[in-house]
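Student: So the mapping is simple: this note's numbering equals the position in the sequence shown, first residue as 1, plus 107. The beta carbon of each residue, even a glycine, is placed where N, CA and C say it ideally should be. Quick caveat: nothing in here was measured; it's all calculated off a predicted structure.
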Amino acid sequence: MSTQTNSYVIAPPPQAILAVAGTRPVPGRISFTICDWFGQHHPSAMSRADLVGHLTTLIRRQLTGTRVTDPSNASFMGLYETTTQGTWSDDLCAAVGISKNKLPDVLPADQIAGHVMKTNTWGLTPGTPVLTGLVDTSAAMILAGAKVGQLVHVS
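Following this line, the structure appears as structure tokens:
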């Protein structure tokens, strides 16, 4: 079964994605829809990709050589089992035709993702530890002292 959203067909239905990923597959906002679109319209580009993630994933890789993201960025991919803090969802990855080996490892935000490599374009000192990090809203929730299950409105 598929659902039509703004001229974009999403399968599985958004409710099924929400139950696993904790987010709705809004075209252009959640990577699930972008990966699916590229898979449909530019399959050769997706097949050549060796890593699929967000800008922070690319920057960490360029700095440290690691393939790492944090749970908050993973949740915005729409392919991560956010509701259980599990791993990349087999079902959601299959729905967009993406191999899990193209996705970064998910590490806790406060864990060291790697160390700055000898050669880097930013002029950073080689060996400097780089934290995995997290997205701005997650950081704001921590700063606000939010507890698990508490809703915080950030505007």
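Taking the alpha-carbon of Thr-163 as reference, which of Gly-234, Gly-256, Ala-220 has the nearest alpha-carbon?
Tutor: Here the question's residue 163 lines up with position 56 in the sequence shown. Nearest of Gly-234, Gly-256, Ala-220 to Thr-163, Cα basis: Ala-220.
Student: With C-beta atoms as the reference, is Ile-141 less than 8 Å away from Leu-199?
Tutor: Working through the sequence shown from its first residue, we reach residue 141 at position 34. Working through the sequence shown from its first residue, we reach residue 199 at position 92. No; because the gap between Cβ atoms is not below 8 Å, this pair is not in contact.
Student: For Gln-192, which residues in the same chain have their Cβ closer than 7 Å to its Cβ, ignoring the five residues on either side in sequence?
Tutor: As a working mapping, residue 192 is identified with position 85 in the sequence shown. Cβ neighbours of Gln-192 beyond the five flanking positions: Pro-178.
Student: Going by other Cβ atoms of all chains shown within 10 Å of its Cβ, with 16 needed for buried, is Trp-229 buried or exposed?
Tutor: The residue labelled residue 229 in the question sits at position 122 within the sequence shown. The residue is exposed, with fewer than 16 neighbouring Cβ atoms inside 10 Å.
Student: Grouping DSSP H, G and I as helix and E and B as strand, with all else coil, what is Gly-146?
Tutor: Along the sequence shown, one-based indexing puts residue 146 at 39. The answer is helix: DSSP assigns Gly-146 an H, G or I state.
Student: Rounded to whole angstroms, how far is the Cβ of Val-159 from the Cβ of Lys-209, which I believe are closer than 8 Å?
Tutor: Here the question's residue 159 lines up with position 52 in the sequence shown. Here the question's residue 209 lines up with position 102 in the sequence shown. The pair is a contact, with the Cβ atoms about 5 Å apart (cut-off 8 Å).
Student: By how many angstroms is the C-alpha of Leu-250 removed from the C-alpha of Pro-120?
Tutor: On the sequence shown, position 13 is the one that residue 120 refers to. On the sequence shown, position 143 is the one that residue 250 refers to. Each residue's alpha carbon lies about 35 Å from the other.
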